[in-house]
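Trainee: Sequence positions in the sequence shown follow the working numbering and run 22 to 498. We put the CB at the ideal spot given by N, CA and C, even for glycine.
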Amino acid sequence: MADILTPDLCVIGAGSGGLAVAEAARAYGASVVLVEKARLGGNALHAGAIPAKALVAAAAHAQALRDGAAFGIAADEPKINFRKVHDHVEQVIAALAPHDAAGRLEALGVEIIRGAARFINRKALSVGDSEIRARRFVIATGARLPIPSIPGLDAVPYFTSETILDNTRKLTHLVVIGGGGVAFELAQAYARLGTEVTVVENGPMLAGFDPELAAVALKRVEEEGVRLRAHTTVTAIQARSMGIGVAVQNGGDDQLLDVSHILVAAERMPNLAGLDLDKAGIRMNKADPRLLQLSPGLKTTNPRVYAVGDAAGGQSVQAAVRQAEVVVRSVLLGAMAKPDALRVPRVVSTDPELAEIGLNEALARTRHGAGFRVTRWSYADNDRARTSRATYGLAKLITDRSGRILGAGVVGPGAGELVALFSLAMTGGLRADKLAELVAPYPSYAEIAVRLGEEFRRGGTAKPLIRQWISLNKLLG
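#1: Please give the ranges of any beta strand (DSSP E) in the region 258 to 305, keeping only runs that are unbroken, at least 3 residues long and fully inside the region.
#2: Is it right to say Ala294 is buried, meaning 16 or more other beta carbons lie within 10 angstroms of its own, or is it exposed?
#3: Would you mind working out which of Val342, Met357, Gly136 sits nearest Arg364, comparing C-alpha positions?
#4: Within a Cβ cutoff of 6 angstroms, which residues of the same chain sit near Gly334, ignoring the five residues on either side of it in sequence?
#5: According to DSSP, simplified to helix, strand and coil, what is Phe230?
#6: Leu207 and Ile185: beta carbons closer than 8 angstroms?
#7: Are the beta-carbon atoms of Leu234 and Val440 separated by less than 8 angstroms?
#8: Going by C-alpha to C-alpha distance, which of Ala41, Ala45, Ser37 sits closest to Ala65?
#9: Assuming the contact rule is C-beta atoms closer than 8 angstroms, Ala238 and Leu227 should be a hit. Round their C-beta distance to whole Å, please.
#10: Assuming Arg165 and Arg289 form a contact by the criterion Cβ under 8 angstroms, report the distance between their Cβ atoms to the nearest whole angstrom.
#11: Which parts of the region 125 to 208 are runs of the alpha helix (DSSP H), unbroken and 4 residues or longer, counting only runs that do not cross its ends?
#12: By the DSSP assignment, the beta strand (DSSP E) with Gly428 in it spans what residues?
#13: I think Arg397 touches Ala385, with their Cβ atoms under 8 angstroms apart; what is that distance to the nearest whole Å?
#14: For a minimum of 3 consecutive residues, which ranges assigned as the beta strand (DSSP E) are wholly contained in the region 337 to 401?
#15: Distance, Cα to Cα, Ala43 vs Leu126?
#16: Count Cβ pairs between the region 346 to 354 and the region 173 to 188 that sit closer than 8 angstroms; are there 3 or more?
#17: Going by DSSP, what residue range makes up the alpha helix (DSSP H) through Glu44?
#18: Nearest CA to the CA of Val285: which residue from Gly69, Glu183, Pro366, Ala332?
#19: Going straight from the alpha carbon of Asp231 to that of Glu438, what length do you get?
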């Protein structure tokens with residue numbers, strides 16, 4: 022006979038979003054059952070953001086040795102021990118794992134059920150011998166990596182953006198299939214660790230980011246030896262006794278790349294297989310059948326069931342955590358909040374970092390026509406950047422004509438940290454000219470936000486009313 026559980030909330034998936042929902046709900050005193058069929062902590066901890074950033078950090082140290090001459094330090098080609106690089110990655114994961122451990126969650130009062138969940142009707146799901154009849158359910162099942170249909174790919178071994186983080190040996194020539202943020206983080210990291218790298222993308226590189234900002238990051242990556250092949254299609258993979266042949270096509274130009282390894286780094290998609298969503302009355306989005314049909318408040322077509330994270334199209338830890346806050350407040354407090362995807366920063370941890378929040382210039386033009394302003398500030402005019410010889414960055418502030426901040430984008434050292442200032446300004450409803458009143462440390466990258474505010478304010482002095490007011494003050498002495 023099945024065990025029947027009747028919690029206030031059942032969370033399916035123990036990744037970033039699911040854990041955030043479970044912990045927040047327990048903080049409000051709700052009873053919570055958390056279902057997970059794999060490892061607690063999800064992709065971000067074990068095979069995503071954390072190990073990838075640890076690898077990027079190791080690669081940055083290798084590159085720093087090469088760049089030492091400009092600072093009066095003898096430049097030298099680093100000796101890379103890939104097994105020890107992997108040990109570093111594993112140590113970082115191990116240090117963070119206790120936060121997501123079962124013991125900690127159970128101490129908070131979260132009941133953990135191991136196994137695969139599937140809905141049996143609109144009000145219940147089963148996990149092994151357990152039946153869960155919760156007041157509300159939250160789907161937080163994360164994402165999976167789609168494998169492209171390329172002739173010959175299944176005949177050769179290949180890495181994904183997850184499995185490559187377990188690699189412990191040097192790769193001779195790595196071809197990266199995909200041109201998104203994760204693809205570039207891994208491409209640059211492996212190039213810095215001594216691998217020849219080619220990135221192939223059937224569209225533009227770093228699509229979705231401001232092209233002006235993306236171009237700065239792409240130029241830097243190319244200067245470090247990564248070969249970029251945009252608008253290029255992989256047409257076939259050829260298994261060989263030594264190495265792998267990768268046939269590519271750009272327009273009418275066909276070429277064959279000789280490589281040692283392949284990394285498939287396509288953009289992730291929601292992992293919803295096996296949940297029997299139809300039995301719960303949960304429908305998919307008509308415009309994009311890969312996604313759930315959700316209300317602005319992240320409720321599915323079954324009013325008892327919500328979704329967060331990758332399952333809700335979040336695609337980042339920060340998005341999942343913000344969505345979790347909204348869902349918990351809705352389920353437990355009846356709040357009518359809805360997440361604003363434009364308030365979630367998007368960051369690519371290349372060197373230089375690339376970060377955006379809100380509307381970029383292209384999106385602002387689509388939504389506001391000519392009714393917006395773009396204010397720029399170069400890293401070359403920032404004293405902190407000059408001390409580090411990191412003057413290759415750029416920051417852009419997107420506002421409406423009144424100064425309301427619509428978005429911001431930064432490419433350069435510390436871009437991910439700097440964009441958090443713009444996130445705070447947008448959340449607090451600050452207008453662009455108020456950034457000029459921020460007192461930033463000197464010298465610091467934070468001064469770039471101040472300079473953008475000053476630059477916006479200077480643009481305002483051209484308005485006739487402002488000039489008339491200045492003239493009147495002169496007459497009054």
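Mentor: In this structure, then:
#1: Along the length of the region 258 to 305, whole beta strand (DSSP E) runs at least 3 residues long occupy 265 to 271, 274 to 280, 282 to 285, reported in chain order.
#2: Label assigned to Ala294: exposed.
#3: When only C-alpha atoms are compared, the closest one is Val342.
#4: Answer for Gly334: Leu312, listed in chain order.
#5: DSSP places Phe230 in coil when its eight states are reduced to three.
#6: Contact annotation: Leu207 and Ile185 have beta-carbon atoms nearer than 8 angstroms.
#7: Remark: C-beta atoms of Leu234 and Val440 do not approach each other more closely than 8 angstroms.
#8: For the options Ala41, Ala45, Ser37, the alpha carbon positioned closest to that of Ala65 is the one of Ser37.
#9: 7 angstroms between Cβ atoms; contact.
#10: Contact between Arg165 and Arg289 holds: CB atoms are separated by about 7 angstroms, below the 8 angstroms threshold.
#11: Runs found: none.
#12: Gly428 -> beta strand (DSSP E) spans 426 to 432.
#13: No, Arg397 and Ala385 are not in contact; Cβ-Cβ is about 14 angstroms, not under 8 angstroms.
#14: Taken in chain order, the unbroken stretches of beta strand (DSSP E) that lie wholly in the region 337 to 401 and span 3 residues or more are 367 to 369, 375 to 379, 393 to 399.
#15: Between Ala43 and Leu126, the C-alpha separation is close to 9 angstroms.
#16: Verdict: no, contact absent.
#17: 37 to 48 is the extent of the alpha helix (DSSP H) around Glu44.
#18: It is Glu183.
#19: Answer to the nearest angstrom: the Cα atoms are 18 angstroms apart.
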